[in-house]
Amino acid sequence: MTPPDRSQWKRVDVVVPAGPLGLIVSKSPTGEGHVIVDGFRPVGGSAEPGALEKHGEIGPNSLLLGVNAHDFTDAAACWSFEKIREILVSTSSAERVVRFLVPPPPPAVQFEEIAAHEGGKRFADVYTLGKELGAGTFSVVREATHKTTGERFAIKFKHVLYSRVEQIEYILLQDLKTTVRTAFYAVWK
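For the sequence shown, the numbering used here begins at 24 and goes up steadily by one.
Below is the structure:
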């Protein structure tokens, strides 16, 4: 299997104070031996964002390259997921440098190309787009608020680059507290 092209990815080194990282990680599904950032969890008694989440550049699908002198990309070392987790815990008592390879941000959403479901209005006329909630290889999920009703949604945008067909589905999900409705809207490039 050919490894994915990561030539556009950026290396980011973050100095992290002693304490938990607040990272949620998993093994790479491609079998490359990488550890992938899945997201973040609150740290400390006040459940605030950790240093990596506050940093702002590290996000879902970033690759964990190493901590201090430990280089997790060294194939000769045969790093296991368990050994990497052990090192993350054992280095938590002191300040450390954590290295990542970060994917480029998803392409900007072109509101002019998106038709909303309300009387042919543009998406931007009906919703206010908020912060990114998560991203994957094929899509990005962002917060959206209906301008008239104030209802909050998580909206999933499928990247055109990865679509095998010209039609792209934009899925609206009502606030995560209730699973009330899901709507599909067809959009053409």
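The beta-carbon is built from N, C-alpha and C at its ideal position, and this holds for glycine as well.
Own chain partners of residue 28 with C-beta closer than 7 Å, once the 5 adjacent residues on each side are dropped: Position 5 of the sequence shown, counting from 1, holds the residue named residue 28. Excluding sequence positions up to five before and after residue 28, its CB lies less than 7 Å from no other CB in the same chain.
Which value, in whole angstroms, describes the spacing of the CA atoms of residue 272 and residue 154? Absent from the model: residue 272. The displayed extent of the chain is 24 to 212, so no value can be given.
Excluding the 5 residues preceding and the 5 following residue 77 in the sequence, name in chain order all residues of the same chain whose CB lies nearer than 7 Å to its CB. As a first step, residue 77 must be located in the sequence shown, where it is residue number 54. For residue 77, where only same-chain residues beyond five positions count, there are no Cβ hits under 7 Å.
Can you grab the Cα-Cα spacing for the pair residue 33 / residue 125, in whole Å? As a first step, residue 33 must be located in the sequence shown, where it is residue number 10. As a first step, residue 125 must be located in the sequence shown, where it is residue number 102. So the two alpha carbons sit approximately 5 Å from each other.
Between the C-alpha atoms of residue 146 and residue 128, what's the straight-line distance to the nearest angstrom? Here residue 146 is taken as the residue at index 123 of the sequence shown, counted from 1. Here residue 128 is taken as the residue at index 105 of the sequence shown, counted from 1. Roughly 21 Å separates the two Cα atoms.
Identify the continuous alpha helix (DSSP H) that holds residue 33 and give its terminal residues. On the sequence shown, position 10 is the one that residue 33 refers to. According to the DSSP assignment, residue 33 belongs to no alpha helix (DSSP H) but to the beta strand (DSSP E) extending over 33 to 39.
Measuring straight from C-alpha to C-alpha, what distance separates residue 181 and residue 172? What you label residue 181 is simply residue 158 of the sequence shown in a count that begins at 1. What you label residue 172 is simply residue 149 of the sequence shown in a count that begins at 1. So the two alpha carbons sit approximately 25 Å from each other.
Rounded separation between residue 150 and residue 157 - CA only: For the purposes of this step, residue 150 is identified with residue 127 of the sequence shown, where counting begins at 1. For the purposes of this step, residue 157 is identified with residue 134 of the sequence shown, where counting begins at 1. Roughly 18 Å between the two C-alpha positions.
By Cβ distance below 7 Å, which residues in the same chain neighbour residue 71 in space, the five residues on each side in sequence not counted? Against the sequence shown, residue 71 aligns to sequence position 48. Cβ within range, chain order: 65.
Between residue 84 and the rest of its own chain, which residues show a CB-CB distance below 8 Å, the 5 nearest in sequence each way excluded? The count along the sequence shown starts at 1 and reaches residue 84 at position 61. Taken in chain order, the residues that qualify are 59, 60, 126, 158, 159, 160.
Residue 112 classed as buried or exposed, judged by whether at least 16 other C-beta atoms fall within 10 angstroms: As a working mapping, residue 112 is identified with position 89 in the sequence shown. Residue 112 comes out exposed.
Kindly say whether residue 98, judged by its beta-carbon, lies nearer than 8 Å to any beta-carbon of chain D. The structure shown has no chain D; it contains just one protein chain.
For residue 157, write down the residues that DSSP places opposite it in a beta bridge. Locating residue 157 in the sequence shown gives position 134, counting from the first residue. Note: residue 157 sits in a beta bridge opposite 164.
Which residues in the same chain as residue 88 place their Cβ atom closer than 8 Å to its Cβ, once the five residues preceding and following it in sequence are excluded? Indexing the sequence shown from 1 puts residue 88 at position 65. The answer, listed in chain order, is 34, 94, 95, 96, 122, 123, 124.
Determine the direct distance from the alpha carbon of residue 91 to that of residue 136, and round the result to whole angstroms. Against the sequence shown, residue 136 aligns to sequence position 113. Against the sequence shown, residue 91 aligns to sequence position 68. Residue confidence is low: residue 136 scores 46 on pLDDT, short of 50, so the model does not pin down where it sits. Its coordinate-derived value is still stated next. Spanning the two alpha carbons is a distance of roughly 46 Å.
Residue 144 and residue 162 - do their beta-carbons sit closer together than 8 Å? For the purposes of this step, residue 162 is taken as the residue at position 139 of the sequence shown. For the purposes of this step, residue 144 is taken as the residue at position 121 of the sequence shown. No; because the gap between Cβ atoms is not below 8 Å, this pair is not in contact.
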